[in-house]
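Participant:
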């Protein structure tokens with residue numbers, strides 16, 4: 001096992017290097033750079049920029065150097081914990097991202113737990129009561145959540161909550177609590193503001209989860225050992241939870257790999273619509289304006305988390321299901 | 001001797017009246033405790049000896065009282081420059097009639113259009129209480145503009161006349177002079193600009209970041225502490241005044257930023273040393289704090305409609321009007337409609353430098369440009385998208401500008417499809433079997449319009465596609481990213497692009513007519529010709545059209561003109577060529593901009609012009625005179 005983990009960790013290094021090269025070159029692919037975007041934006045609003053100043057900025061940030069050189073400067077910096085400079089914010093990337101990170105983690109964690117809380121009971125119910133009215137009804141609801149465009153649902157809820165409860169629109173707290181230390185009022189405000197994003201983001205996730213849990217569980221429920229257990233008079237709850245449910249959780253564990261990066265990136269589109277102070281909008285904005293070190297560092301961060309997440313889920317799968325064997329590298 | 005007396009002595013202004021107002025006015029309540037505790041001098045000593053007394057009567061404003069917080073919504077971190085624009089404290093600034101008046105300066109004198117003598121207000125201080133003197137001008141000119149490291153590109157273009165910089169003199173502590181060998185009419189407007197030319201920066205603060213003044217080891221420590229690459233980068237970041245991200249940078253604006261980025265909300269507090277007073281001698285600004293909440297641009301109309309902003313126009317569009325009106329009663333605000341200050345809401349810009357030789361020849365033919373303009377049914381666009389409240393017009397200056405003449409507005413702007421068709425027939429664009437016209441080389445006349453704007457532009461373009469289709473031209477709109485479009489027209493790939501019209505719809509003769517002539521590569525009509533002049537012939541192409549050459553010559557004449565009458569004459573010639581030659585095809589102008597104003601907020605004009613230049617959005621209406629009435 002230890003050997004397997006060591007092997008996986010070593011394999012992660014070339015993987016990440018490859019990803020970093022891909023990320024860098026793909027961000028560089030569209031013609032132009034941040035400064036051209038910047039000039040175009042100012043010009044559209046009637047502002048003018050001194051071309052000399054832009055030339056100076058390009059030199060300042062090394063944009064006159066060849067691509068390869070800039071790539072290695074960037075990767076080299078990252079290894080030393082320097083993620084480069086965000087042109088848009090004119091700040092080091094770490095400072096730009098830092099503040100938003102914990103709010104993102106908060107929203108995403110609550111959302112994920114909320115998704116599980118809904119999806120699990122429904123999935124189990126649907127599987128055990130296959131083709132019943134309850135099964136159809138709940139599945140329909142779940143699919144409805146999947147089918148509704150998230151941003152639309154967010155907008156509708158935003159409007160209704162504002163009209164019904166007078167809640168302020170968007171963001172993760174009322175304006176007066178920004179920069180304030182945590183207090184009961186601030187906490188309440190944050191909980192209120194979290195309701196919409198959590199509902200919207202989880203509705204999208206539940207349907208998939210319900211379907212997968214239902215399908216996996218149905219497979220297990222028809223297996224011989226379950227039938228035998230029931231026949232021998234094992235209580236129905238135990239006969240459901242002890243083995244079949246455990247066996248049908250493989251997909252869930254395998255998902256952990258993608259959950260880790262999701263915790264950090266959040267649901268971008270919803271976050272933009274709701275103007276949440278999470279990292280998602282930051283990433284999209286950075287990509288749009290070719291603020292490349294900010295965007296690049298972000299994507300690298302997500303890639304790293306994915307690699308770690310997949311490792312964790314592989315290990316967890318092995319622990320959960322003895323049928324899965326770790327044979328990293330040794331094959332016959 | 002007290003500090004005050006010392007100051008009076010050195011300034012040599014003992015004979016000057018102490019204050020232009022008699023009665024001692026109230027201290028702003030938010031500063032009272034600091035003054036009583038002795039942390040801050042009383043208002044009398046914070047104000048310049050001769051503050052700027054804002055003429056409330058002439059501006060139709062009511063005197064108010066201090067206090068309150070003004071909340072506004074912005075969409076990203078870069079928007080904090082709006083505070084510099086709204087604050088609009090300038091060496092000289094435009095007033096509501098668009099005349100130049102001294103603001104930070106006590107007065108200024110211009111001789112022969114080339115010798116500029118500026119006198120400062122005695123006792124004027126930076127927001128940190130340090131005196132504001134000629135040294136700040138000297139430092140900026142000698143140690144920033146002319147420092148090889150700090151200004152690697154050299155002196156900024158507006159400070160050069162025929163490539164020559166001015167001679168700068170410090171006459172005395174409070175007087176400076178800039179002398180050029182030839183007139184420089186751009187100088188004063190550049191100081192009054194919404195994005196101003198900063199000729200005075202706080203020397204006492206910035207010297208600690210300058211290699212010439214700071215001790216090497218101190219500077220090294222500061223560079224390391226701030227994660228900067230070297231002192232040049234550090235100085236540049238710390239000195240940025242237009243985008244006031246450095247809360248420590250002393251300012252002369254009414255409010256100063258107190259929040260270091262990144263933040264979700266920026267808090268601007270009153271500058272206790274601000275130089276303007278109301279007629280009763282109360283120090284402005286009235287409002288203690290301005291808050292900029294950062295939201296995404298898309299939900300700003302919704303947030304404004306639910307009462308989250310006290311004063312909002314940015315990110316609101318005319319089509320938000322009904323929605324905003326609905327929320328007005330419930331959330332206690334008023335929606336006013338100001339006039340948009342651009343020369344045309346949506347303008348079609350043929351690229352005279354397009355690569356395709358056949359299209360280039362067509363665009364160079366004035367008959368073709370006129371035909372396109374004549375075929376646009378402007379009144380229909382007005383009715384469809386602007387409730388008939390806008391003004392069908394060519395792209396030119398607006399009524400209200402001293403340069404306005406109806407003939408500019410009406411030049412080739414009437415709807416006359418027959419005449420347009422006749423013009424195209426005359427050029428020799430034959431109609432083919434299905435009614436589509438063909439180019440002289442036999443290809444079908446297919447015109448691609450590139451746009452990067454929002455709904456408004458694509459909506460209007462839908463109609464324009466129809467109009468030009470009736471002329472037998474197949475028109476294809478194509479949306480793209482703004483920067484892509486810009487790059488494409490410079491490389492000659494773009495045939496026609498969509499922009500808003502002239503940015504200075506309310507131009508005065510003293511403003512540079514640079515939008516009417518090829519001066520820069522960012523102009524959609526003639527990017528290569530503009531680049532040619534911009535780079536002094538290093539890049540781009542030589543102007544081919546005599547009319548455009550004429551515009552370029554006229555602009556050069558303007559740049560060395562010495563009085564307003566001459567400038568007015570030049571402007572009129574340029575406008576007349578520009579509109580008669582239809583270098584851009586305007587649609588409608590004077591569209592309405594919703595401005596949301598909290599009911600209790602006083603002194604915000606009912607009618608105004610909304611534009612970046614020259615009015616600096618709210619700037620010339622003086623947000624420092626806005627106040628909250630709590631009854």
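Chains as they are written, first to last, in UniProt numbering: chain C, 1 to 332; chain P, 1 to 631.
C-beta atoms are modelled at their ideal positions from N, C-alpha and C, and glycine is treated no differently.
Could you tell me the distance, in whole angstroms, from the CA atom of residue 135 of chain P to the CA atom of residue 239 of chain P?
Facilitator: Each residue's Cα considered, the two are about 16 Å apart.
Participant: Does DSSP classify residue 572 of chain P as helix, strand or coil?
Facilitator: Of the three classes helix, strand and coil, the one that applies to residue 572 of chain P here is helix, per DSSP.
Participant: Closer than 8 Å, Cβ to Cβ, to anything on chain P: give me those residues from the region 84-95 of chain C, in chain order.
Facilitator: Going along the region 84-95 of chain C in chain order, one finds 88, 89, 90, 91, 92, 95 with a Cβ nearer than 8 Å to chain P.
Participant: Got a sec: is the Cβ-Cβ distance from residue 625 of chain P to anything in chain C below 9 Å?
Facilitator: Output row for residue 625 of chain P: interface = no.
Participant: What residues of chain P sit near residue 179 of chain C, judged by a beta carbon separation below 9 Å?
Facilitator: Going along chain P in sequence order, the residues near residue 179 of chain C (Cβ under 9 Å) are 259, 263, 264, 265, 267.
Participant: Is residue 630 of chain P close to chain C? Criterion is C-beta to C-beta, closer than 9 Å.
Facilitator: Chain C contact via Cβ: absent.
Participant: Which residues in chain C sit within 8 Å of residue 245 of chain P, going by Cβ to Cβ distance?
Facilitator: Simply 90.
Participant: Measuring only the C-alpha atoms, how far is residue 198 of chain P from residue 359 of chain P?
Facilitator: Looking at the two C-alpha atoms, the distance is approximately 43 Å.
Participant: Can you list, in chain order, the residues of its chain whose CB lies under 8 Å from that of residue 462 of chain P, leaving out five sequence neighbours each side?
Facilitator: The answer, listed in chain order, is 477.
Participant: Just to make sure I have the definition right: I need the residues of chain C whose C-beta is within less than 8 Å of the C-beta of residue 87 of chain P. Which are they?
Facilitator: What residue 87 of chain P touches in chain C: nothing, since even the nearest Cβ is about 16 Å away.
Participant: Reducing DSSP to helix, strand and coil, say where residue 311 of chain P ends up.
Facilitator: Reduced to three states, the DSSP call for residue 311 of chain P is strand.
Participant: Should residue 305 of chain P and residue 326 of chain P be called a contact, given that it needs their Cβ atoms to be closer than 9 Å?
Facilitator: In contact: residue 305 of chain P and residue 326 of chain P (Cβ atoms closer than 9 Å).
Participant: Who are the neighbours of residue 169 of chain C on chain P, taking C-beta pairs under 9 Å?
Facilitator: Those are 295, 299, 302, 303, 305, 306, 308, listed as they occur along chain P.
Participant: For the alpha helix (DSSP H) containing residue 225 of chain C, list its first residue and its last residue.
Facilitator: Here the alpha helix (DSSP H) through residue 225 of chain C covers 224-231.
Participant: Using Cβ-Cβ distances below 9 Å, what residues of the region 482-499 of chain P are close to chain C?
Facilitator: Against chain C - using a Cβ distance shorter than 9 Å - the residues of the region 482-499 of chain P are 482, 483, 484, 485, 486, 487, 499.
Participant: Can you tell me whether DSSP reads residue 564 of chain P as helix, strand or coil?
Facilitator: Three-state result, residue 564 of chain P: helix.
Participant: Could you check if residue 138 of chain P belongs to the surroundings of the ligand FMN, using beta carbon to heavy atom distance under 8 Å?
Facilitator: No copy of the ligand FMN appears in this structure; indeed no ligand is present at all.
Participant: Should the region 231-240 of chain C be called in touch with the region 251-263 of chain C, which here means at least 3 C-beta pairs below 8 Å?
Facilitator: No contact exists between the region 231-240 of chain C and the region 251-263 of chain C.
Participant: Report all residues from its chain with a CB closer than 8 Å to the CB of residue 125 of chain P; omit the five preceding and five following residues, and keep chain order.
Facilitator: Excluding residues within five positions, the ones whose Cβ falls inside 8 Å are 46, 48, 131, 132, 273.
Participant: Alpha carbon to alpha carbon, how far is residue 387 of chain P from residue 419 of chain P? Give it in angstroms, no decimals.
Facilitator: Their Cα atoms are separated by approximately 28 Å.
Participant: Please list, in chain order, all residues of the same chain as residue 23 of chain P whose beta carbon is under 8 Å from its beta carbon, the five residues on each side excluded.
Facilitator: Reliability of the predicted coordinates at residue 23 of chain P is poor, the pLDDT of 47 falling under 50, and no value is obtained from them.
Participant: Which class does residue 348 of chain P belong to by DSSP, given the choice of helix, strand or coil?
Facilitator: Residue 348 of chain P: strand per DSSP, three-state reduction.
Participant: Count the other C-beta atoms from every protein chain shown that fall within 10 angstroms of the C-beta of residue 348 of chain P, then say buried if there are 16 or more, exposed otherwise.
Facilitator: The residue in question, residue 348 of chain P, is buried, as its Cβ has 16 or more Cβ neighbours within 10 Å.
Participant: To the nearest angstrom, how far is it from the Cα of residue 245 of chain C to the Cα of residue 319 of chain C?
Facilitator: Rounded to the nearest angstrom, the two C-alpha atoms are 15 Å apart.
Participant: Provide the residue span of the alpha helix (DSSP H) that contains residue 188 of chain C, from first to last.
Facilitator: 184-221 is the extent of the alpha helix (DSSP H) around residue 188 of chain C.
Participant: Quick check on DSSP: helix, strand or coil for residue 20 of chain P?
Facilitator: Caution applies to residue 20 of chain P, whose pLDDT of 45 falls short of 50 and renders its modelled position unreliable; the model cannot decide the point.
Participant: From the beta carbon of residue 458 of chain P, is the nearest beta carbon of chain C less than 9 Å away?
Facilitator: Cβ-Cβ to chain C under 9 Å: no for residue 458 of chain P.
Participant: Helix, strand or coil for residue 275 of chain C per DSSP?
Facilitator: Reduced to three states, the DSSP call for residue 275 of chain C is coil.
Participant: Closer than 9 Å, CB to CB, is residue 73 of chain C near chain P or not?
Facilitator: Chain P contact via Cβ: absent.
Participant: Pairing CB atoms from the region 245-255 of chain P with CB atoms from the region 218-234 of chain P, are three or more of them under 8 Å?
Facilitator: The region 245-255 of chain P vs the region 218-234 of chain P: no contact.
Participant: Give the interface partners of residue 189 of chain C over in chain P, defined as CB-CB distance under 9 Å, in chain order.
Facilitator: None at all; the shortest Cβ gap to chain P is about 13 Å.
Participant: Pick helix, strand or coil for residue 613 of chain P, following the three-state DSSP scheme.
Facilitator: DSSP places residue 613 of chain P in coil when its eight states are reduced to three.
Participant: Which same chain residues, not among the five before or five after residue 547 of chain P, have their C-beta less than 7 Å away from its C-beta?
Facilitator: Result list for residue 547 of chain P: 577, 581, in chain order.
Participant: Are the beta-carbon atoms belonging to residue 117 of chain P and residue 177 of chain P less than 9 Å from one another?
Facilitator: For residue 117 of chain P and residue 177 of chain P, yes; Cβs fall inside 9 Å.
Participant: Can you list, in chain order, the residues of the region 248-281 of chain C whose Cβ is nearer than 8 Å to any Cβ on chain P?
Facilitator: Answer set for the region 248-281 of chain C: 272, 273, 274, 275, 277, 281.
Participant: Label residue 87 of chain P either buried or exposed according to how many other C-beta atoms from any shown protein chain fall within 10 Å of its C-beta, with 16 as the threshold for buried.
Facilitator: So residue 87 of chain P ends up on the buried side.
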